Amino acid sequence: MNFRRGRREDYPEINLIPFIDILLVIVIFLAVTTTYARFAELKINLPTSSAEQTPTPPKQIEVAVAENGRYQVDDAAVGEISVDELAAALKKAAGSQVDPVVVINADARATHQSVVNVMEAARRVGLSRITFVTQTAP
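Residue numbers (my numbering): 818 to 955.
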């Protein structure tokens, strides 16, 4: 005997309305309780120093490296020379100065080896303070 003759089987149904209501209440709660503080400025207390400025800046030895590998040490063109000859030119330019700064001004298209040669020559002479000159892009 089949007593369920005209009735269809009911499938479980998921009702999303209560879920949406709960999410809406959570969003409203977060919006109300959130603080929207903006900092208009940063108050920074910079450190102070009472040290005097260095009376004389350290001597600089300017070394220019051209695109073709030629060197110039303190406005004296030395041409294409070996590392030993470049070291002698740096030592002569340093004179009796204590720990001068070697400023390397290399062309953008100069070979990497040319710049490394200047650094090696400075190391051989004992000049450890080396810096590079750059320019800002237009």
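Glycine residues also receive a C-beta, built at the ideal position from the N, C-alpha and C atoms. Being a predicted model, the structure only gives us computed values, none of them experimental.
Can the beta-carbon of V882 be found less than 9 Å from the beta-carbon of A927? Working through the sequence shown from its first residue, we reach residue 882 at position 65. Working through the sequence shown from its first residue, we reach residue 927 at position 110. Yes. Within cutoff.
Inter-residue spacing [alpha-carbon to alpha-carbon] between N922 and P875: Here the question's residue 922 lines up with position 105 in the sequence shown. Here the question's residue 875 lines up with position 58 in the sequence shown. So the alpha carbons of these two residues sit roughly 17 Å apart.
A904: which of L833, P829 and L944 sits nearest, CA to CA? In the sequence shown, counting from the first residue as 1, residue 904 sits at position 87. It is L944.
Local Cβ density within 10 Å of S931, reported as buried at 16 or more and exposed below that: The residue you call residue 931 lines up with position 114 of the sequence shown. The residue is buried, with at least 16 neighbouring Cβ atoms inside 10 Å.
C-beta atoms of V895 and E879 nearer than 9 Å: Translated into the one-based positions of the sequence shown, residue 895 becomes position 78. Translated into the one-based positions of the sequence shown, residue 879 becomes position 62. No; because the gap between Cβ atoms is not below 9 Å, this pair is not in contact.
Considering only their Cβ atoms, is the gap separating Q952 from P917 smaller than 9 Å? Taking the sequence shown and counting its residues from 1, one reaches residue 917 at position 100. Taking the sequence shown and counting its residues from 1, one reaches residue 952 at position 135. No, Cβ-Cβ distance for P917 and Q952 is not below 9 Å.
Residue nearest to T873 in terms of C-alpha spacing, selected from Q914, V942, E884 and Y888: Residue 873 sits at position 56 when you count from the first residue of the sequence shown. Ranking Q914, V942, E884 and Y888 by Cα distance to T873 puts Q914 first.
Of the listed residues F949, V919, I837 and H929, nearest to V942 (C-alpha basis): Numbered from its first residue, the sequence shown carries residue 942 at position 125. With distances taken between Cα atoms, V942 lies closest to V919.
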